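Colleague: Here's a structure for you.
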Amino acid sequence: MNELEKLNSWHADWRGLRVVVFGLGVTGFSVADTLAELGCQVLVVAEKADPELLDILDVIGVTHITGEAAKGLPQQVIDFEPQLIVTSPGVRPDHDLLSWSAEQSIPIWVDIDLAWRVRDKTTRVADWLVVTGTNGKTTTVQMVEAMLNRGGKKAIACGNIGTPILDAIRDPEGFDALIVELSSFQLHYLGEIHPYSSAVLNLADDHLDWHGSFEAYRDAKAKVYENTAVACVYNTADWATEKMVENADVHEGARAIGFTTGTPGRSQVGFVEDILCDRAFLDDRANSALEIATLDDLSKIGVLTPHLMANAAAAVAMARSYAIDPADVKAALLEFRLDAHRIELVAEQDGIRWIDDSKATNPHAAAASLNSFEKVIWVVGGLLKGVDLNDLVKKFADRLSAAIVIGVDRSHVVEVLSTQIPNLPVVEISSADNTDVMPQVVEAASKFTEAGSVVLLAPAAASMDQFKDYADRGNQFAEAVRAHLETP
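Note that the sequence shown covers residues 965 to 1452 in my numbering.
So, in structure tokens, the structure goes:
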């Protein structure tokens, strides 16, 4: 047995283990801080680093390499002779440092691997309910967190959202449950965990430039179901997620639980007319169902869309797998509100709605938006990450009345639109001044609006080419809309 295999507890002897922490964002810092607390010898390697975090590393005695010295494979890393690498999940496996690590047979973890091993820091060892998918992860995880807390459990959403999972692990009081959002990057590197329940919400092309192929991306997502104890939650409308469950090696007794926006069958959660129902977690599921909430209840959360309905159904399945009472699940839904930039109504005037779904950073997310509205002036484009938009445009061609194209990858978007919908009015915004993009977008879009129109920012692309992040993109859109509507 090698040394790492013995380290399966917070209370194991981690002292002296030589670990390189690659990356110093919020997650990387939580890793370095945790390892230092465990008594490891830690070397942080990060091209970019917040000076305040570096100051803290100095205080806790963690060595660091930053800037130009951190590029590629620093000699200091080789001389350090690491026994373990913990990488920020966004780093590609072909990076020089990680390639060298693989060649040297040095294990590569992400923060999730470390968190699983040290989850017993307190006597209150949390169950893990894990969620992944191309789209809808954050909303679903937040809903599950709200449902469990409303049901009297101490739960927190963490992982690829909000609180770093190692900060949750080190909470002095501990938690009953961690609702863990996992990205495909985290899952690519992830070793073995044993979730209480798990869910893959959907699967579509995304991050193909990183993973190299759709198959590799799919296989990373599928890892979430492995070793699940109670419920593997899948999307009945997405055959790939059901296939993942069928192929997963789970604990004896784990059940496959479907969610749907249609009528649920046995062992499923879905909608009977306008009522969200549970036909999975009750004794007489062959003949009856538990009423959870109505569509009117869900409409209080935000713009009522099939995407929101699917997220709610998935969250209900996860919460009910944890034995949360239906009344508490409903109460949590009634109190829940979507985060900004997720199919958010910015303004409505003269029968025209302006919708901010800047969080739609890939075609699958954009499809959820486009599927929700009938007459769309579509604001699309940005950093496409190697994704082809042909299928998306073809599927929703009859809903588009115009397109406003932004971003560095405009040429592909314009070509697809002109090929798939030759008569569609298309306006290309070529401004190099980032602060001027959205005012031009809104001005251009307004020329195509009429009663019943929806101007939809659902870019199907990342934002970092022109904006700080998707929130900045959405905020600038909202500001431009309000300025336009206030102009006489």
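Beta carbons are placed, not taken as given, at the ideal position from N, Cα and C, and that holds for glycine. If you're wondering where the values come from, they're calculated on a predicted model, not measured in any experiment.
Could you give the distance in angstroms between the alpha-carbon of isoleucine 1385 and the alpha-carbon of tyrosine 1434?
Modeller: If you take the alpha carbons of isoleucine 1385 and tyrosine 1434, they lie about 27 Å apart.
Colleague: Looking only at C-alpha atoms, which of Lys1085, Ser1252, Pro1046 sits nearest to glutamine 1068?
Modeller: Answer by Cα proximity: Pro1046.
Colleague: DSSP three-state call for arginine 1446: helix, strand or coil?
Modeller: Correct three-state label for arginine 1446: helix.
Colleague: For the alpha helix (DSSP H) holding threonine 991, just list the boundary residues, first then last.
Modeller: Segment 990-1002, the alpha helix (DSSP H) holding threonine 991.
Colleague: Which residue marks the beginning of the alpha helix (DSSP H) containing lysine 1384, and which one marks its end?
Modeller: A small correction: the amino acid at residue 1384 is glutamine; lysine does not occupy that position in the sequence shown. Here the alpha helix (DSSP H) through glutamine 1384 covers 1374-1384.
Colleague: At which residues does the beta strand (DSSP E) containing histidine 1028 begin and terminate?
Modeller: Per DSSP, histidine 1028 belongs to the beta strand (DSSP E) from 1027-1030.
Colleague: Check whether the segment 1212-1229 and the segment 1256-1266 touch, using three or more Cβ-Cβ pairs below 8 Å as the test.
Modeller: Taking 8 Å as the limit for Cβ pairs, the verdict is that the segment 1256-1266 does not touch the segment 1212-1229.
Colleague: Going residue by residue through the segment 1246-1291, where are the continuous beta strand (DSSP E) segments of at least 3 residues, counting only ones entirely within it?
Modeller: Runs found: 1254-1258.
Colleague: Taking only the alpha-carbon atoms, compute the straight-line gap between aspartate 1436 and serine 1365 and give it to the nearest angstrom.
Modeller: Their Cα atoms are separated by approximately 26 Å.
Colleague: Ignoring anything shorter than 4 residues or poking outside the segment 1144-1232, list the alpha helix (DSSP H) runs there in chain order.
Modeller: Counting only runs of 4 or more, we get 1148-1153, 1172-1175, 1178-1186, 1203-1211.
Colleague: Between the Cα of alanine 1180 and those of Phe1149, Lys1432, Glu1210, Lys1207, spot the shortest distance and give me the residue it belongs to.
Modeller: Of the listed residues, the one whose Cα sits closest to alanine 1180 is Phe1149.
Colleague: Could I get the ranges of all uninterrupted beta strand (DSSP E) runs contained in the segment 1292-1329, with 3 residues as the minimum, in chain order?
Modeller: DSSP runs (the beta strand (DSSP E)) wholly in the segment 1292-1329: 1308-1313, 1316-1320.
Colleague: Going residue by residue through the segment 999-1074, where are the continuous beta strand (DSSP E) segments of at least 3 residues, counting only ones entirely within it?
Modeller: As far as the segment 999-1074 is concerned, its whole beta strand (DSSP E) runs of at least 3 residues are 1005-1010, 1027-1030, 1048-1051.
Colleague: Consult DSSP for tryptophan 1342 and reduce its assignment to one of helix, strand or coil.
Modeller: Looking at tryptophan 1342 - three-state DSSP - the assignment turns out to be strand.
Colleague: With contact counted as at least three CB pairs below 8 Å, one residue from each stretch, are the segment 1029-1044 and the segment 1099-1116 in contact?
Modeller: As far as the Cβ criterion goes, the segment 1029-1044 does not touch the segment 1099-1116, which means the pair count is below three.
Colleague: Under DSSP, the alpha helix (DSSP H) around serine 913 begins and ends at which residues?
Modeller: What is shown of the chain runs 965 to 1452, which leaves residue 913 out entirely.
Colleague: Helix, strand or coil for aspartate 1433, going by three-state DSSP, please let me know.
Modeller: Reduced to three states, the DSSP call for aspartate 1433 is coil.
Colleague: Do you know offhand how far leucine 988's Cα is from serine 1052's?
Modeller: Approximately 8 Å between the Cα atoms of the pair.
Colleague: Helix, strand or coil for serine 1365 per DSSP?
Modeller: Strand, per DSSP.
Colleague: Just the Cα atoms here: how many angstroms apart are valine 1041 and glutamate 1379?
Modeller: Spanning the two alpha carbons is a distance of roughly 46 Å.
Colleague: Mind checking which residues open and close the alpha helix (DSSP H) that includes arginine 1114?
Modeller: Residues 1101-1114.
Colleague: Roughly how many angstroms separate the alpha carbons of alanine 1330 and glutamate 1210, rounded to a whole number?
Modeller: Cα-Cα distance, rounded: 28 Å.
Colleague: Leaving out five residues before and five after valine 1391 in sequence, what residues of the same chain have Cβ atoms less than 6 Å from its Cβ?
Modeller: Ile1368, Ala1408.
Colleague: Excluding the 5 residues preceding and the 5 following phenylalanine 1360 in the sequence, name in chain order all residues of the same chain whose CB lies nearer than 6 Å to its CB.
Modeller: Within the same chain, phenylalanine 1360 has close Cβ partners Leu1334.
Colleague: Just confirm the distance between the C-beta atoms of leucine 1093 and valine 1144, as a whole number of angstroms; I'd bet it's less than 8 Å.
Modeller: Confirmed, Cβ separation roughly 7 Å.
Colleague: If you reduce the DSSP assignment to three classes, tell me which class methionine 965 lands in.
Modeller: The pLDDT assigned to methionine 965 is 43, lower than 50, so where the model puts this residue is not dependable, and the model offers no usable value.
Colleague: When you compare each of Tyr1198, Met1273, Leu1002 to serine 973 by their alpha carbons, which one comes out closest?
Modeller: Of the candidates Tyr1198, Met1273, Leu1002, the one whose C-alpha sits nearest the C-alpha of serine 973 is Leu1002.
Colleague: Please determine if the segment 1128-1147 and the segment 1085-1101 are in contact, where contact requires at least 3 C-beta pairs separated by less than 8 Å.
Modeller: These segments touch.
Colleague: Look at the Cβ atom of valine 1074, then the Cβ atom of leucine 1154, and state whether they are nearer than 8 Å.
Modeller: Yes, the Cβ-Cβ distance between valine 1074 and leucine 1154 is below 8 Å.
Colleague: Looking only at DSSP bridge pairs, what is phenylalanine 986 linked to?
Modeller: The partner list for phenylalanine 986 (beta bridge, DSSP) reads Val1009, Thr1051.
Colleague: When we look at the beta-carbon of threonine 998 and count the other beta-carbons within 10 Å, is it buried (16 or more) or exposed?
Modeller: Its Cβ being crowded by 16 or more others within 10 Å, threonine 998 is buried.
Colleague: Under three-state DSSP, which class holds aspartate 1131?
Modeller: Three-state result, aspartate 1131: helix.
Colleague: Taking the alpha-carbon positions, what's the glutamate 1216 to arginine 1230 distance?
Modeller: Using only the alpha carbons, I get a separation of about 20 Å.
Colleague: Please report the distance separating the alpha-carbon of serine 1375 from that of isoleucine 1049.
Modeller: Cα to Cα, the separation comes out at about 40 Å.
Colleague: Round the Cβ separation of valine 1267 and isoleucine 1319 to the nearest angstrom and send it over; I've been treating them as touching at under 8 Å.
Modeller: That belief holds up - the Cβ atoms of valine 1267 and isoleucine 1319 are roughly 7 Å apart, short of 8 Å.
Colleague: Taking Cβ to Cβ, would you say valine 1236 is nearer than 8 Å to alanine 1253?
Modeller: In this structure, alanine 1253 lies closer than 8 Å to valine 1236 by Cβ.
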